[in-house]
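All remarks here apply to the structure that follows.
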Amino acid sequence: MHQTIEKCYISVNVQKADFDINSEIKIIKSKKIIGGIANFTGVVRNSGRKKEELMSLELEHYPGMTEKAIMLICEDAQKRWNLNSIRVIHRVGRLFAGDNIVLVVTASAHRKEAFKSAEFIMDFLKSRAPIWKKEHYRTHSSWVQSKEEDELILNDW
Amino acid sequence: MKILYFSWLREKIGVPFEEVEVRSETVSDLIKELINHDHKYQLAFEDIKSIRVAVDQKIIQDLNVSIKNAREVAFFPPMTGG
Numbered sequence: 001m002h003q004t005i006e007k008c009y010i011s012v013n014v015q016k017a018d019f020d021i022n023s024e025i026k027i028i029k030s031k032k033i034i035g036g037i038a039n040f041t042g043v044v045r046n047s048g049r050k051k052e053e054l055m056s057l058e059l060e061h062y063p064g065m066t067e068k069a070i071m072l073i074c075e076d077a078q079k080r081w082n083l084n085s086i087r088v089i090h091r092v093g094r095l096f097a098g099d100n101i102v103l104v105v106t107a108s109a110h111r112k113e114a115f116k117s118a119e120f121i122m123d124f125l126k127s128r129a130p131i132w133k134k135e136h137y138r139t140h141s142s143w144v145q146s147k148e149e150d151e152l153i154l155n156d157w
Numbered sequence: 158m159k160i161l162y163f164s165w166l167r168e169k170i171g172v173p174f175e176e177v178e179v180r181s182e183t184v185s186d187l188i189k190e191l192i193n194h195d196h197k198y199q200l201a202f203e204d205i206k207s208i209r210v211a212v213d214q215k216i217i218q219d220l221n222v223s224i225k226n227a228r229e230v231a232f233f234p235p236m237t238g239g
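Protein sequences appear in the order of chains E and X. 1 is the number of the first residue of the first sequence in the numbering used here; add one for each residue after it. 158 is the number of the first residue of the second sequence in the numbering used here; add one for each residue after it.
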């Protein structure tokens with residue numbers, strides 16, 4: 001899903017496949033109007049919240065809604081900062097330790113706007129993207145509980 | 158109407174979605190209707206504060222919102238994306 005708002009190109013994908021950070025940045029650089037590019041990559045930890053070795057992480061989502069919800073977060077970021085590109089890729093399905101989960105790339109004429117907007121998007125993805133994580137251990141599985149601080153931090157924006 | 162469930166709510170109900178003839182006009186009434194229909198819904202909706210709702214793929218805060226013209230309603234726990 002993609003769109004351009006006031007010269008800011010926003011592109012969002014929810015997919016099972018892995019992503020390549022370098023090629024995503026190359027696409028943004030090809031537009032030749034950049035000042036700074038900030039990027040954040042979320043990666044599966046090898047130990048879960050219970051300090052046990054994690055076998056896998058399962059990400060369930062709401063097909064049809066997830067990309068729209070992420071796009072709304074990006075539109076909000078575009079309104080707040082002067083950005084010329086936003087790229088978000090969120091993976092779903094079964095992932096393993098070390099696998100990429102999420103990529104947020106923001107480009108702006110000024111570094112602070114790129115940094116801030118990438119952080120803003122990540123904060124909102126945590127509790128506004130309809131995605132649910134389940135941790136699978138050797139002997140049991142458990143749904144990741146949302147953290148109250150993740151919800152509270154949104155009030156700071 | 159299509160009713161969808163995600164995460165542990167889906168596991169408690171036992172299906173990812175179902176097509177239901179709904180008489181209720183609000184989300185709040187729909188939850189009551191489901192609970193009256195089968196005990197499994199009572200267990201799933203026990204802790205209503207931990208359940209989030211989307212009507213036609215938009216998160217709603219007020220359970221008294223109308224679902225008269227809604228195509229789908231989704232129930233799920235707080236999201237854990239990112």
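Backbone N, C-alpha and C define an ideal beta-carbon position, used for all residues, glycine too. Bear in mind the structure is a predicted one, so any value in this text is a computation, not a measurement.
Cβ-Cβ distance between residue i and residue j below 8 Å
| i | j | result |
| --- | --- | --- |
| E/Ala107 | E/Asn82 | no |
| E/Val102 | E/His90 | yes |
| X/Val222 | X/Thr183 | yes |
| E/Phe120 | E/Trp143 | no |
| E/Cys74 | E/Ile10 | yes |
| E/Val92 | E/Leu59 | yes |
| E/Ser56 | E/Phe96 | yes |
| E/Thr41 | E/Asn100 | yes |
| E/Met71 | E/Val12 | yes |
| E/Ser117 | E/Leu154 | no |
| X/Gly239 | E/Met122 | yes |
| X/Thr237 | E/Lys133 | yes |
| E/Ala158 | E/Phe115 | Nothing can be reported for residue 158 of chain E: it is not among the residues displayed for chain E, which extend from 1 to 157. |
| X/Ile208 | X/Gln199 | no |
| X/Val205 | X/Val177 | Going by the sequence as given, residue 205 of chain X is Ile instead of Val. The answer is no: Cβ separation not under 8 Å. |
Cβ neighbours of residue i in the same chain (closer than 7 Å, five flanking residues each side left out)
| i | result |
| --- | --- |
| X/Asp213 | Ala227, Arg228 and Glu229 |
| E/Pro130 | His61, Tyr62, Met65, Thr66 and Ala69 |
| X/Arg167 | Pro173 |
| E/Glu113 | Trp81, Asn82 and Leu83 |
| E/Ser146 | Ser127 |
| E/Ile33 | Asn84 |
The beta strand (DSSP E) enclosing residue i, as first and last residue numbers
| i | result |
| --- | --- |
| E/Lys31 | From DSSP, E/Lys31 is part of no beta strand (DSSP E); its letter is neither H nor E. |
| X/Leu161 | Lys159 to Tyr162 |
| E/Lys133 | Ile131 to His136 |
| E/Leu95 | Gly93 to Leu95 |
| E/Val105 | Asn100 to Ser108 |
| X/Ala231 | Glu229 to Phe233 |
| E/Ser141 | Ser141 to Trp143 |
| X/Lys225 | Taken as a continuous stretch (DSSP letters only), X/Lys225 belongs to no beta strand (DSSP E), as it is neither H nor E. |
Where the alpha helix (DSSP H) through residue i begins and ends
| i | result |
| --- | --- |
| X/His194 | Val184 to His194 |
| E/Glu151 | Glu148 to Leu152 |
| E/Glu119 | Arg111 to Arg128 |
| E/Ala69 | Thr66 to Arg80 |
Three-state secondary structure assigned by DSSP to residue i
| i | result |
| --- | --- |
| E/Trp157 | coil |
| E/Leu54 | coil |
| E/Tyr9 | strand |
| E/Asn46 | coil |
| X/Arg209 | strand |
| E/Asn22 | helix |
| X/Arg180 | coil |
| E/Gln3 | strand |
| X/Gln199 | helix |
| X/Leu220 | coil |
| X/Lys169 | helix |
| E/Thr174 | This structure cannot settle anything about residue 174 of chain E, because the visible part of chain E is limited to 1 through 157. |
| E/Lys16 | coil |
| E/Gly36 | strand |
Same chain, Cβ closer than 8 Å to residue i, five either side skipped, listed in chain order
| i | result |
| --- | --- |
| X/Ser164 | Phe233 and Pro234 |
| X/Val224 | Per the sequence shown, residue 224 of chain X should be read as Ile rather than Val. For X/Ile224, where only same-chain residues beyond five positions count, the Cβ hits under 8 Å are Met158, Val179, Ser181, Glu182, Thr183, Val184, Leu187, Val212 and Val230. |
| X/Lys128 | Residue 128 of chain X lies beyond the stretch modelled for chain X, which goes from 158 to 239, so this question has no answer here. |
| E/Glu53 | Asn46, Ser47, Tyr137 and Arg138 |
| E/Val43 | Gly98, Asp99, Asn100 and Ile101 |
| X/Lys189 | Ser181 |
| X/Glu175 | Lys159 and Ile160 |
Cutoff 6 Å; reference residue i; Cβ partners in own chain excluding five residues on either side
| i | result |
| --- | --- |
| E/Phe124 | Ile73 |
| E/Ile86 | Ile10, Cys74 and Thr106 |
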